[in-house]
Amino acid sequence: MRIVDLSRELYHRTPAHPSHPPVVITVWNDHDEKKEADGVQFSSKAMSLAMSDHAGTHIDAPCHFDDAPDAASIDEIPLENFYTGGLCLDLSHAPLRHEITVDEMEAALAATGEEIK
């Protein structure tokens, strides 16, 4: 089975919902800064990331919206629940920030000759 990663790219100042903080990525250190240990000089690169738990592509666990004590956290849900077959619909003609309608989705689906199972 081929698996396609549909994750949204995260980068410095990735747009976020107004009620959540933006993604902030900064250089912690880079190869310009040389260090020494046991007489050996070396460098390393590290980034610092600060972001909301709702940044980018994610899944809300049931405990996010259900206050029941037994509502599952994300680590309690089997990974198999998060992948399935899929279809690629061409909606590239839609303008940016356009809200795709049901009719547009149905037309794009019809153009593939496939059906949702």
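Residues in the sequence shown are numbered from 139 upward in steps of one, following the numbering used here.
Ideal Cβ positions, reconstructed from N, Cα and C, are used throughout, including at glycine.
Exposed unless 16 or more other CB atoms sit within 10 angstroms - verdict on residue i
i	result
A248	exposed
A193	buried
Length of the line joining the Cα atoms of residue i and residue j
i	j	result
L225	S211	28 Å
D213	S157	25 Å
K173	W166	14 Å
H196	G177	45 Å
P200	S230	33 Å
N219	I141	14 Å
A232	I163	31 Å
Best match in the options for proximity to residue i [C-alpha to C-alpha]
i	options	result
H169	D191, D176, T195, F180	F180
A154	D205, A188, P216, D228	A188
D191	A245, A246, D143, P159	P159
Residues bridged to residue i [DSSP beta-bridge criterion]
i	result
M185	V165
V178	A175
Distance cut-off 8 Å: residue i Cβ against heavy atoms of the ligand NAP
i	result
Q179	Ligands in the displayed structure: none, and consequently the ligand NAP is not present.
Beta-carbon proximity check, residue i vs residue j, cutoff 9 Å
i	j	result
L227	A246	yes
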